[in-house]
Ligand code: PMT
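Numbering (the numbering used here), first residue to last: 102 to 319.
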């Protein structure tokens, strides 16, 4: 593909985990490092795109020449995505968004109860950011990820259809050395009429391959 084939495109990427507060000092989160999403942001920028990276809390540095928007929770991520989605040509949802948040956040640090061996947290479903974008009447070209530990391709295909998106990157996160937090990844790219199983490679290399493949028709 042309070195600058995303020139004049605005690409919005979500990355990293979200943190859902339990109390002022505790939260529920996951093992996403942000590496995959940040690699996509860097690659898209090098390919000429204007890039907005909406990121949960991570410990890696953002690429230069992109706009970084930091968030903590899924609800904040949704808000920032919706703020900008009308100016966006391509939306890539790489973030590991928490499916559930605490139904109420304790104002004070929860105290250990010596007579209570079991503590129950009540969780409530978070909004689905990608599905929300997929429902927009004039939606951007949408690319999702599917992190699965079983029936990877089948579950990914279901998400492609249910979230009403153009491509899904199926990521088997049960294997050592790929997926969450590793430097390499191995995925299958799935659209409504194509399936492309890619070999294992660095997240940097994979980011270029994903953009070249899924945005080729855009
Ligand atoms: O950050 P790294 O350490 O580099 O790891 C990369 C990764 C494993 C996190 C990444 O490759 C990946 O698979 N990201 C998707 C993780 C995920 O949450 O997948 P999911 O199958 O639960 O969600 C499906 C899709 O819906 C995803 O595009 C997700 O961003 C989106 N989603 C999910 C829930 C929700 N409430 N809102 C969403 O937008």
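Virtual Cβ for every residue (Gly too), placed ideally from N, Cα, C.
Small disclaimer: the values here were computed from a predicted structure and weren't measured.
Two segments are said to touch when three or more pairs of C-beta atoms, one from each, lie closer than 8 Å; by this definition the stretch 142 to 157 touches the stretch 305 to 314. In the three-state scheme derived from DSSP, where H, G and I count as helix and E and B as strand, residue 292 is classed as strand.
Residue burial annotation: residue 286 is buried, with at least 16 other C-beta atoms found within 10 angstroms of its C-beta. By the CB criterion at 8 Å, residue 158 and residue 210 fall outside the cutoff.
With a cutoff of 8 Å on beta-carbon distance, residue 272 and residue 246 are scored as near each other.
In chain order, 220 place their CB closer than 8 Å to the CB of residue 214, counting only its own chain and leaving out the 5 sequence neighbours on each side. For residue 272, no alpha helix (DSSP H) segment is defined; the enclosing uninterrupted segment is the beta strand (DSSP E) at 268 to 273. Relative to the ligand PMT, the beta carbon of residue 112 is positioned no closer than 7 Å to any heavy atom.
Here the alpha carbon of residue 293 sits roughly 19 Å from the alpha carbon of residue 195.
Per the C-alpha coordinates, the member of 164, 230 and 152 positioned closest to residue 176 is 230. Placement of the Cβ of residue 203 at a distance of 7 Å or more from every heavy atom of the ligand PMT is found.
Listed in chain order, the non-local C-beta contacts of residue 179 below 7 Å within the same chain comprise 228, 230 and 233, local neighbours out to five positions each way being set aside.
The three-state reading of DSSP puts residue 108 in coil, since its state is none of H, G, I, E or B. Using a 10 angstroms sphere on the CB of residue 119, the tally of other CB atoms reaches 16 or more, which defines it as buried.
Going by DSSP, residue 146 is part of the alpha helix (DSSP H) stretching over 136 to 147.
Residue 185 is not a Cβ neighbour of residue 154, given a cutoff of 8 Å. Residue nearest to residue 302 within the set 315, 313, 278 and 224 is 278 (criterion: CA-CA distance). A Cβ-Cβ separation of about 5 Å places residue 117 in contact with residue 156 under the 8 Å criterion.
Straight across, the Cα-Cα distance linking residue 151 with residue 268 is about 21 Å. Burial state of residue 222 is exposed, judged by a 10 Å Cβ sphere holding fewer than 16 other Cβ atoms.
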